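Asks: Those protein sequence lines, which keep their order, are chains E and F.
Every letter in the first sequence is one number past the one before it in our numbering, and letter 190, counting from 1, is 190.
For our numbering, count along the second sequence from 1 and bump the result up by 1000.
Each residue gets a CB set at the ideal place from its N, CA and C atoms; glycine is no exception.
In this text, all values refer to a predicted model and were calculated from it rather than measured experimentally.
2 protein chains.
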Amino acid sequence: MNLADAATPALVLDRTRLRRNCERMLAKCRSLGVRLRPHMKTLKSIEAARIAIDPEHGGIAVSTLQEANYFADCGIEDIQYAVCITSDKLDRAADIAARISRFGIFLDGVEAARSVAEHRHADRFGVWIEIDSGDHRTGLAPEDSKLVEIARIITESKARLVGVATHGGHSYSGRDSAAIAAVAEEERLAVVTAAERLRAAGFTVPGVSAGSTPTAVHAASAEGLTELRPGVYMAGDLYQAAIGSHGPDDMAVSVLATVVSHRPEHNQIVIDAGGLALSKDRSTAALQGDDYGYGLVMDLQGSRAFGRLVVDGVHQEHGEIRGATPLPFDRLPIGTKVRVFPNHVCMTAAAYDRSLVVDGGTEVSDTWGRVSGW
Amino acid sequence: MNLADAATPALVLDRTRLRRNCERMLAKCRSLGVRLRPHMKTLKSIEAARIAIDPEHGGIAVSTLQEANYFADCGIEDIQYAVCITSDKLDRAADIAARISRFGIFLDGVEAARSVAEHRHADRFGVWIEIDSGDHRTGLAPEDSKLVEIARIITESKARLVGVATHGGHSYSGRDSAAIAAVAEEERLAVVTAAERLRAAGFTVPGVSAGSTPTAVHAASAEGLTELRPGVYMAGDLYQAAIGSHGPDDMAVSVLATVVSHRPEHNQIVIDAGGLALSKDRSTAALQGDDYGYGLVMDLQGSRAFGRLVVDGVHQEHGEIRGATPLPFDRLPIGTKVRVFPNHVCMTAAAYDRSLVVDGGTEVSDTWGRVSGW
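1) Let me know the secondary structure DSSP gives L327 (chain E) once reduced to three states.
2) What are the start and end residues of each continuous beta strand (DSSP E) run of 3 or more residues lying completely inside the stretch 1271 to 1342 of chain F, in chain order?
3) Considering only residues of the stretch 1008 to 1061 of chain F, which uninterrupted alpha helix (DSSP H) runs meet the minimum length of 4 residues and lie entirely inside it, listed in chain order?
4) Would you say M347 (chain E) reaches chain F, if we count a Cβ-Cβ gap shorter than 7 Å as a contact?
5) Suppose contacts are defined by Cβ-Cβ distances below 7 Å. Is L1013 (chain F) in contact with A1273 (chain F) by that definition?
6) Could you give the residue range of the beta strand (DSSP E) that holds L256 (chain E)?
7) Are the CB atoms of V1314 (chain F) and Y1294 (chain F) nearer to each other than 7 Å?
8) For the beta strand (DSSP E) that E130 (chain E) lies in, which residues bound it at each end?
9) How would you list, in chain order, the residues of chain F whose beta-carbon sits under 7 Å from the beta-carbon of I334 (chain E)?
10) I need the straight-line Cα distance from S1303 (chain F) to V148 (chain E), nearest angstrom please.
11) Check G169 (chain E) in the structure and name its three-state DSSP category.
12) Buried or exposed for P333 (chain E), please, with buried defined as at least 16 other CB atoms from any protein chain shown within 10 angstroms of its CB.
13) Rounded to the nearest angstrom, what separates E130 (chain E) and T86 (chain E) at their Cα positions?
14) For G360 (chain E), which residues from the same chain have a beta carbon less than 7 Å from its beta carbon, with the 5 sequence-adjacent residues on both sides left out?
15) Does the count of Cβ pairs from the stretch 1218 to 1236 of chain F and the stretch 1031 to 1044 of chain F closer than 8 Å reach three?
16) Thinking C-alpha only, which one of E:D281, E:V310, E:E320, E:V259 is nearest D330 (chain E)?
17) Name the residue from E:I269, E:L238, E:L276, E:E317 whose alpha carbon lies nearest to the alpha carbon of G284 (chain E).
18) Is G1275 (chain F) closer than 7 Å to M40 (chain E) when the C-beta atoms are compared?
19) Give me the chain F residues within the contact set of R375 (chain E), using Cβ-Cβ distance strictly less than 9 Å, ordered along the chain.
20) Below 8 Å, can you find three or more Cβ-Cβ pairs linking the stretch 1156 to 1171 of chain F to the stretch 1197 to 1212 of chain F?
21) Can V1270 (chain F) and S1245 (chain F) be called in contact, C-beta distance under 7 Å?
22) Are the stretch 75 to 85 of chain E and the stretch 104 to 114 of chain E in contact at 8 Å, needing three or more beta carbon pairs?
23) Would you identify the three-state DSSP class for N1267 (chain F), choosing helix, strand or coil?
24) What would DSSP say about A82 (chain E), mapped onto helix, strand or coil?
25) Which residue's Cα is closest to the Cα of G1134 (chain F): E:R263, E:V83, E:V371?
26) In whole angstroms, what separates the C-alpha of V232 (chain E) from that of V338 (chain E)?
27) Cβ closer than 9 Å: which chain F residues qualify as neighbours of D376 (chain E)?
28) Apart from the five residues on each side of it in sequence, which residues of its chain come closer than 6 Å, Cβ to Cβ, to S1045 (chain F)?
29) How is the alpha helix (DSSP H) around A190 (chain E) delimited, first residue to last?
30) Just by C-beta distance, which residues in the stretch 1001 to 1033 of chain F are closer than 8 Å to chain E?
31) Throw me the rounded Cβ distance for the T213 (chain E) and G168 (chain E) pair, which I believe falls under 8 Å.
32) Could you give the distance in angstroms between the alpha-carbon of E317 (chain E) and the alpha-carbon of A1178 (chain F)?
33) Can you give me, in chain order, the residues of the stretch 1041 to 1065 of chain F that have a beta carbon less than 7 Å from any beta carbon in chain E?
34) Counting only beta-carbon atoms, is G275 (chain E) nearer than 7 Å to chain F?
35) Within 7 Å (strictly less), CB to CB, does K1146 (chain F) reach chain E?
36) Check each candidate in F:V1110, F:T1064, F:A1117, F:S1115 and name the one with the smallest Cα separation from Y1096 (chain F).
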């Protein structure tokens, strides 16, 4: 099948770009002397994981237990569930953990640590204590007294303390390489400091995990880290391109859509990809001069044939392409298929249960499943 | 099962409120003397459709062929696919149409009309010509000369012209009952004018369809209309409550979430429902003084026990509750389950493949499937 004949809207994944993005990140991690633990939260697909996994180490990170379950079913033996766990999720996590060699969980509180320690299958869990390196989402400050308390609760139980981990998500607000490199250094220092504090208190801390795509790309040093845990680099998107995580032609995921209506009197072309197909993520609105609305419209080949043509508005199933200058109605007749590149691919990809795989062109060489939900 | 024991995040549907919302809309349509054709784009569930369907008429509207296929499988015999169709979707539409009594499609262009007329299964399609009543999404202006041309193409083919239809989506920007009633009148006049033009040109126009939830609620007259086609009223959300489509206690859909982290130093509570679980729709940001962030946090019973507590920020799997005054940490310990009411329920519900059904309380009496994708 060719993309020209595919039902729309559909998710398109360019495997050539995916491979290139994965090779680049693996090379970067090797140059820093750390393991790459690819975070599968974006593509949620075993085929993508097989391309992304660091061949020297294996193993992935995931963002939901549903993903963990899926990848365990697919034979991945080392899975890190990189979101703070609560007691109500432990039974299900333990069931997954029983089927694979290494299952890691995150926590940042004394209560959660006690729940894990007291769980009848505590021995199945490798515990990562989450550290806040400046993102202020979850995690303990490196100097928090609870750090040692949590480590003690875990090491006195049948669970294993496998490390400390952080996510420098505030790197997303960096606007240049220097600013993001500074966040990478904050990320590294926070989690290495936490590891050193625990070691000084007598604990063994084998793992020191950090990572986001921007910090992994811009980090100058990974001293003291054992692994990096980026995810969105595999797919790439307009936001990551704008902040310099990859080049403008590295975006591997787009939404295939069809022109359904012309409204020349409103200088508007309507496509069949709206808020559900593109997501309502407007990340690029924060970028001065780089606001791409709900996505950048390219041709079927994924080339910028129309210049800066964007989806300016969305309804549930309609996307409205508008422009300051007259739109190219003659080049986009009703029925034309276009590819829309998203602001934030993690949000966009989540609406689909499969991807149409192309290798640089428009011929669909494969269809990959993906897992959704929780 | 009780909601207190359910895995999170999960979609919760209060059947008591759904029934009440459906009864109210049916009564309104009866008082206006028109048929109610419930639009299933929000809940996408057969159980919800059975409650919503007008018992005198049957039949629904849908927003995707996937929905049409699902509802046809479930035995619904009258389905209107209320999004302009293009030629590449006709084969699939024809397959669905073959299995039910009445299948309606929308179009607004001469090319699309020709594609339908020339399709080998044109006889399976009932065609609604879409009219733009001011929303400027898709549709023809009522005075557009193509209206008669399209009607001629359809009536000279084996397809049937079943009517004209419009959606006054610009009612969403109305801020009071009078403004929305004015849009309802625009909607009615536009589509009735189009129907009259076609009749004057000699065509039979049995159906005159209009509708959005706000216009259906606030319309003073439906003279000349045969049906209304609202959808979101079944579920309700913060935006619809704010613009007066229903009361604050009519919202039937919420997201069940668990408190996973306390950050008192940042006056922040983190829940396990983030951008994917809540959607990134920020509709209420447009409402002066009624901005609910990414959703309003209520207790497990769905009561406003915490006042105006909102999800202020989201990451992919994390929601950050922040407030101007100190948060009620003691009333929301780690592991507490809360219900988050969404800005725009159509976007939020789409992330789930099922709903946990409650009847006013917290006991889960049923689980309803829902269809996703295209």
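Replies: In short, the structure shows the following:
1) Note: L327 (chain E) maps to coil in three-state DSSP.
2) Complete beta strand (DSSP E) runs here, min 3: 1296 to 1298, 1310 to 1314, 1319 to 1322, 1337 to 1341.
3) The stretch 1008 to 1061 of chain F contains these whole alpha helix (DSSP H) runs: 1015 to 1032, 1046 to 1052.
4) Chain F, which has a Cβ nearer than 7 Å to the Cβ of M347 (chain E), makes this yes.
5) No, the pair does not count as a contact, with Cβ atoms beyond the cut-off.
6) From DSSP, the beta strand (DSSP E) with L256 (chain E) extends over 253 to 263.
7) Cβ distance < 7 Å, so V1314 (chain F) and Y1294 (chain F) count as in contact.
8) From DSSP, the beta strand (DSSP E) with E130 (chain E) extends over 126 to 131.
9) The answer, in chain order, is T1086, G1109, E1111, A1112.
10) In a straight line, the C-alpha of S1303 (chain F) is about 39 Å away from that of V148 (chain E).
11) G169 (chain E) falls in the helix class under three-state DSSP.
12) So P333 (chain E) ends up on the exposed side.
13) Each residue's alpha carbon lies about 13 Å from the other.
14) Excluding the 5 residues flanking it on each side, G360 (chain E) has same chain C-beta neighbours closer than 7 Å at D14, T16, in chain order.
15) Contact annotation: the stretch 1218 to 1236 of chain F touches the stretch 1031 to 1044 of chain F, with at least three C-beta pairs closer than 8 Å.
16) Among E:D281, E:V310, E:E320, E:V259, the Cα nearest to that of D330 (chain E) is on E:V259.
17) Inspection of the sequence shows that residue 284 (chain E) is occupied by Thr rather than by Gly. In terms of CA proximity to T284 (chain E), E:L238 leads the group E:I269, E:L238, E:L276, E:E317.
18) It is not a contact, given that the beta carbons lie outside the stated cut-off.
19) In this structure chain E extends from 1 to 374, so residue 375 (chain E) is not present and cannot be described.
20) A contact exists between the stretch 1156 to 1171 of chain F and the stretch 1197 to 1212 of chain F.
21) For the 7 Å CB-CB criterion, V1270 (chain F) and S1245 (chain F) do not form a contact.
22) Between the stretch 75 to 85 of chain E and the stretch 104 to 114 of chain E there are three or more inter-stretch CB-CB distances shorter than 8 Å, so the stretches are counted as touching.
23) Three-state DSSP puts N1267 (chain F) in coil, outside helix and strand.
24) Looking at A82 (chain E) - three-state DSSP - the assignment turns out to be strand.
25) Distances from the CA of G1134 (chain F) to each of E:R263, E:V83, E:V371 were compared; the closest alpha carbon is that of E:R263.
26) Rounded to whole angstroms, the separation of the alpha carbons of V338 (chain E) and V232 (chain E) is 23 Å.
27) Chain E is shown from 1 up to 374; residue 376 (chain E) falls before or after that span and cannot be answered.
28) Excluding positions up to five away in sequence, the list reads W1368, R1370.
29) A190 (chain E) -> alpha helix (DSSP H) spans 177 to 200.
30) Against chain E - using a Cβ distance shorter than 8 Å - the residues of the stretch 1001 to 1033 of chain F are D1005, A1007, T1008, P1009, A1010.
31) With a Cβ gap of about 10 Å, T213 (chain E) and G168 (chain E) do not count as contacting.
32) Answer to the nearest angstrom: the Cα atoms are 28 Å apart.
33) Within the stretch 1041 to 1065 of chain F, the qualifying residues are K1041, S1063, T1064.
34) So, interface residue.
35) K1146 (chain F) is outside the set of residues whose beta carbon lies under 7 Å from a beta carbon in chain E.
36) Reading off the sequence, residue 1096 (chain F) comes out as Ile, not Tyr. Taking the Cα of I1096 (chain F) as reference, the smallest distance to any Cα among F:V1110, F:T1064, F:A1117, F:S1115 is reached at F:T1064.
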